[in-house]
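J.:
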Amino acid sequence: MSNPSVATPIANTIKSARSRELLKQGVRTLFLPLAGIAFFLLLWQLVAASIHTSLGQFPGPGQVYVQASQLLDTHLREREKAEQFITRQEIRNAELLAKNPDAQVKIRAYTGKPTFLDQIFTSLYTVLSGFLIATLIAVPLGILCGLSQSIYAAINPLIQIFKPVSPLAWLPLVTMVVSAVYTSSDPLLSKSYLTSAFTVALCCLWPTVINTTVGVASLDKDLLNVSRVLRLSPLAHVQKIVLPAAVPMIFTGLRLSLGTGWMVLIAAEMLAQNPGLGKFIWDEFQNGSSNSLGRIMVAVIAIGLIGFALDRLMLLAQKLVSWDKNAVLR
Amino acid sequence: MSNAHLELSGVGISFPTDKGLFCALQNVNLKIDQGEFVSLIGHSGCGKSTVLNIVAGLYQASTGGVILDGREVNEPGPERAVVFQNHSLLPWLTCYENVELAVRQVFKGGKSRKEMREWVEHNLNLVHMMHAKDKRPGEISGGMKQRIGIARALAMQPKVLLMDEPFGALDALTRAHLQDSLMEIHRDLGNTVIMITHDVDEAVLLSDRIVMMSNGPSATVGDILKVELERPRDRLELANDARYHACRSAVLEFLYAKQQRPAA
Chain X
1 MSNPSVATPI ANTIKSARSR ELLKQGVRTL FLPLAGIAFF LLLWQLVAAS
51 IHTSLGQFPG PGQVYVQASQ LLDTHLRERE KAEQFITRQE IRNAELLAKN
101 PDAQVKIRAY TGKPTFLDQI FTSLYTVLSG FLIATLIAVP LGILCGLSQS
151 IYAAINPLIQ IFKPVSPLAW LPLVTMVVSA VYTSSDPLLS KSYLTSAFTV
201 ALCCLWPTVI NTTVGVASLD KDLLNVSRVL RLSPLAHVQK IVLPAAVPMI
251 FTGLRLSLGT GWMVLIAAEM LAQNPGLGKF IWDEFQNGSS NSLGRIMVAV
301 IAIGLIGFAL DRLMLLAQKL VSWDKNAVLR
Chain C
1 MSNAHLELSG VGISFPTDKG LFCALQNVNL KIDQGEFVSL IGHSGCGKST
51 VLNIVAGLYQ ASTGGVILDG REVNEPGPER AVVFQNHSLL PWLTCYENVE
101 LAVRQVFKGG KSRKEMREWV EHNLNLVHMM HAKDKRPGEI SGGMKQRIGI
151 ARALAMQPKV LLMDEPFGAL DALTRAHLQD SLMEIHRDLG NTVIMITHDV
201 DEAVLLSDRI VMMSNGPSAT VGDILKVELE RPRDRLELAN DARYHACRSA
251 VLEFLYAKQQ RPAA
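Taken in order, these protein sequences are the chains called X and C. Position one of the first sequence corresponds to residue 1 (full-length UniProt numbering), numbered consecutively onward. Position one of the second sequence corresponds to residue 1 (full-length UniProt numbering), numbered consecutively onward.
(1) Comparing alpha-carbon positions, which option in X:F162, X:W282, X:V139 lies nearest M270 (chain X)?
(2) Which residues in the same chain have their Cβ closer than 8 angstroms to the Cβ of V242 (chain X), if we skip the five residues on either side of it in sequence?
(3) Within its chain, find whatever has a CB closer than 6 angstroms to the CB of M1 (chain C); leave out the 5 residues flanking it on each side and keep chain order.
(4) Could you give the first and the last residue of the continuous alpha helix (DSSP H) run that contains T29 (chain X)?
(5) Quick check on K319 (chain X) - is its C-beta less than 8 angstroms from some C-beta in chain C?
(6) CA-CA distance, M183 (chain C) and N240 (chain C)?
(7) Report all residues from its chain with a CB closer than 8 angstroms to the CB of H237 (chain X); omit the five preceding and five following residues, and keep chain order.
(8) Keeping to the same chain, check which residues put their C-beta closer than 7 angstroms to that of L117 (chain X); ignore five residues upstream and five downstream.
(9) For K31 (chain C), which beta-bridge partners are listed by DSSP?
(10) What is the DSSP secondary structure of A169 (chain C), reduced to helix, strand or coil?
(11) Nearest CA to the CA of G35 (chain C): which residue from C:H5, C:E139, C:L170?
(12) Nearest by alpha-carbon distance to S49 (chain C): which of C:F37, C:V204, C:F84 is it?
(13) Quick check: the Cα distance between V200 (chain X) and I107 (chain X), rounded to an integer number of angstroms?
(14) Which residues of chain X have a Cβ atom closer than 7 angstroms to the Cβ of A56 (chain C), listed in chain order?
(15) Just curious, the beta strand (DSSP E) that M213 (chain C) is in, first and last residue?
(16) Between the region 83-98 of chain C and chain X, which residues of the former have a C-beta closer than 7 angstroms to a C-beta of the latter?
(17) Using alpha carbons as the reference points, say which of X:L315, X:D324, X:F251, X:S129 lies closest to Y193 (chain X).
(18) Against V226 (chain X), what residues of chain C qualify as contacts under a CB-to-CB distance less than 7 angstroms, listed in chain order?
(19) In the DSSP assignment, find the unbroken alpha helix (DSSP H) run with D201 (chain C) in it and report its ends.
(20) Any beta carbon from chain X within less than 8 angstroms of G142 (chain C)'s own beta carbon?
(21) Would you say the beta carbon of S227 (chain X) is closer than 7 angstroms to some non-hydrogen atom of the ligand ADP?
(22) Give a yes or no on whether 8 angstroms exceeds the smallest Cβ distance from Q105 (chain C) to chain X.
(23) Does the distance from the C-beta atom of M144 (chain C) to that of M130 (chain C) stay below 8 angstroms?
(24) If you check the beta carbons only, do M212 (chain C) and I41 (chain C) fall under 8 angstroms apart?
(25) In chain order, what are the residue ranges of uninterrupted beta strand (DSSP E) at least 3 long that sit wholly in the region 100-166 of chain C?
(26) Give the straight-line distance between the Cα atoms of V221 (chain C) and I32 (chain C), rounded to the nearest whole angstrom.
(27) I'd like to check one pair, L229 (chain C) with I210 (chain C): are the Cβ atoms closer than 8 angstroms?
(28) Could you pull the start and end residues of the beta strand (DSSP E) that A81 (chain C) belongs to?
(29) With 8 angstroms set as the bound, which would you pick, yes or no: does the beta-carbon of L223 (chain X) sit closer than that to a beta-carbon of chain C?
(30) Can you give the Cα-Cα distance for I150 (chain C) and N225 (chain X), rounded to whole angstroms?
(31) Can you pull the chain X neighbours of residue 284 (chain C), defined as C-beta to C-beta under 8 angstroms?
(32) Closer than 9 angstroms, Cβ to Cβ, to anything on chain C: give me those residues from the region 238-265 of chain X, in chain order.
(33) Flag L154 (chain C) as yes if its beta-carbon sits less than 8 angstroms from any beta-carbon of chain X, otherwise no.
(34) Please determine, among X:M314, X:Y125, X:G304, X:Q160, the residue with the shortest C-alpha to C-alpha distance to P275 (chain X).
(35) When Cβ atoms are compared, which residues of the region 115-140 of chain C fall closer than 9 angstroms to chain X?
(36) So, is the C-beta of residue 295 (chain C) closer than 8 angstroms to a C-beta in chain X?
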């Protein structure tokens, strides 16, 4: 390397090889996905232009963008109105109290129409409630099935039969049961919310049950022997050995479950009239204005983006709790 | 007669297979004294591990039984700690926590929190692994993992230490290191040890007695060789020791002349 006439060309070759590698990486991670999206948008624009429906032309990317910003505007205006309402109410009440300290002041909540963003949040907490219920049932059930061959043999046929059932088949039953059981004159939770959450739970139970079962049943025999030599109690055995060992599989199941739950939710909300994204789409469809198709398309994209974000969040959680740092998770 | 520390009498075991009962072991008799280092050697599949697992209580003998200090062995327990061939550490716990799990389980109620911590650290020091106590098994080498496995077993303060080919998966140099460590520990603690091995040199170097097993099915104790070499033993000095070579050839002769190698 002391000879500059040789060293420089070698260094240059290495440098250019490195920059070529970097460029290749940049193309793969940035350029190609962007090119794919651009190509899709172009195709969408072309196809949309040639589809004419009774609600007008099928919306292209441009119209969808316009609708999206309108929905956001509406949300911001609505928020402003709500704030004004609350300030007015506070001023009025303060005046009343100033005149007569014993006055009974009334505080009313603002009852505006839920905006698109409100509906997104309704959808999110509905799906998370359903997912939570499912997890609370599925993980213990999966552990039991994984630990005991007999329990697995008893429950497996039920899992296999209920797993492929569509949410739309469950929904009428869930609706009737919720109406019959949840009778309160001053309901804290709306029935549509409960119906949607339970339907989500029923449908997203299965991936977690199955994956937890497999994770627990495939416990390394040597680790089982460690537990036996230490004479761990059944509870400690599950806590210290079984659960940690099964965590990667449990999370794989949970990720699949949340994905299923999010898909099920939209259908459930449409029929149960839970004020989330499903109802938004249904209302726009019934509404039938020239903007409706564009707005539905906004909802479709929002659903996709949120589903993607939820999956990434679960992946992040999985990476955080996973002890096997060498496992390739994607 | 009945004052043996650990006694296997008439131990046999059969496993059900598609073609009926398969008799793996038959009439294994062995008496082991307190503090003795015994190794089991034999061809693959001769039932060495099965003997160890029966002593551990992980398998139930079909006939005969095992008596440790006057009590019958019929379930696994920490007084017969096992060092597994592939270390069997819990991959989600650090080295310290792996040993701690055993210490907590064995000494709960008996030791204070501080005493437990000191005991865990003492055992990690014993195998020279204090420097890696906060690493996970995935981050250390195979030899280090086996050291932690030994520390975990020792931390249970077992009456008998059972080792199932503890160094089988290690390279020759690491194995030599660990053998030296094991001799040191055995000298200091005086545990009773039963070790399975494939390695004739390892058996002669470490053992007080070498139990040579005949081939299965219906394997049993073929011969027992007493290794009359004074301790501490040094592998370099032994290389030129005639008694060492006599022991070595005796084992080799048993394995390759008296016992036909089963079709591998």
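Don't be surprised by glycine CBs; every beta carbon is placed ideally from N, CA and C. It should be emphasised that the depicted structure is a prediction, and the values quoted were computed from it without experimental measurement.
T.: Let me spell this out:
(1) Cα-wise, what sits closest to M270 (chain X) is X:W282.
(2) Within its own chain, the residues whose Cβ lies closer than 8 angstroms to the Cβ of V242 (chain X), once the five positions on either side in sequence are excluded, are I143, G146, L147, V216, L219, listed in chain order.
(3) Note that M1 (chain C) has pLDDT 45, beneath the 50 cutoff, so the model's placement of it is unreliable and the number below is only indicative. A distance below 6 angstroms between beta-carbons, with the five flanking residues on each side excluded, links M1 (chain C) to no residue of its chain.
(4) If you look at T29 (chain X), you'll find it isn't in any alpha helix (DSSP H); DSSP assigns it neither H nor E.
(5) No, K319 (chain X) lies away from the interface with chain C (no Cβ there is under 8 angstroms from its Cβ).
(6) Spanning the two alpha carbons is a distance of roughly 20 angstroms.
(7) If we look at H237 (chain X) and ignore the five residues flanking it on each side, its Cβ neighbours are S227.
(8) Once the five neighbours on either side are set aside, the close Cβ partners of L117 (chain X) are H75.
(9) Partner(s): C:E7.
(10) A169 (chain C): coil per DSSP, three-state reduction.
(11) Proximity to G35 (chain C) across C:H5, C:E139, C:L170 peaks at C:H5, based on C-alpha coordinates.
(12) Put simply, of C:F37, C:V204, C:F84 the residue whose alpha carbon is nearest the alpha carbon of S49 (chain C) is C:F84.
(13) Near 35 angstroms, if we compare the C-alpha coordinates of I107 (chain X) and V200 (chain X).
(14) Those are V229, listed as they occur along chain X.
(15) Its beta strand (DSSP E) spans residues 209-213.
(16) Taking 7 angstroms as the Cβ-Cβ cut-off against chain X, the residues of the region 83-98 of chain C that qualify are F84, N86, S88, L90, P91, W92.
(17) Nearest of X:L315, X:D324, X:F251, X:S129 to Y193 (chain X), Cα basis: X:S129.
(18) Close partners of V226 (chain X) in chain C (Cβ separation under 7 angstroms): S88.
(19) That run of the alpha helix (DSSP H) goes 200-206.
(20) So, not an interface residue.
(21) Questions concerning the ligand ADP fall outside what the structure shown contains, since it holds no ligand whatsoever.
(22) For Q105 (chain C), the nearest CB of chain X lies under 8 angstroms from its own CB, placing it at the interface with that chain.
(23) Result no, Cβ atoms of M144 (chain C) and M130 (chain C) do not sit closer than 8 angstroms.
(24) Taking a C-beta distance under 8 angstroms as the contact criterion, M212 (chain C) and I41 (chain C) qualify as a contact pair.
(25) Within the region 100-166 of chain C, the complete beta strand (DSSP E) runs of at least 3 residues are 160-164.
(26) Approximately 14 angstroms between the Cα atoms of the pair.
(27) No, they are not a contact pair.
(28) A81 (chain C) -> beta strand (DSSP E) spans 80-83.
(29) Cβ-Cβ to chain C under 8 angstroms: yes for L223 (chain X).
(30) So the two alpha carbons sit approximately 15 angstroms from each other.
(31) It is not possible to answer for residue 284 (chain C), since the shown part of chain C is limited to 1 through 264.
(32) Listed in sequence order: K240, I241, P244, A245, V247.
(33) Chain X, which has no Cβ nearer than 8 angstroms to the Cβ of L154 (chain C), makes this no.
(34) Nearest of X:M314, X:Y125, X:G304, X:Q160 to P275 (chain X), Cα basis: X:Y125.
(35) Residues of the region 115-140 of chain C whose Cβ lies closer than 9 angstroms to any Cβ of chain X, in chain order: R136, G138, E139.
(36) This structure gives no information on residue 295 (chain C), because the portion of chain C shown stretches from 1 to 264.
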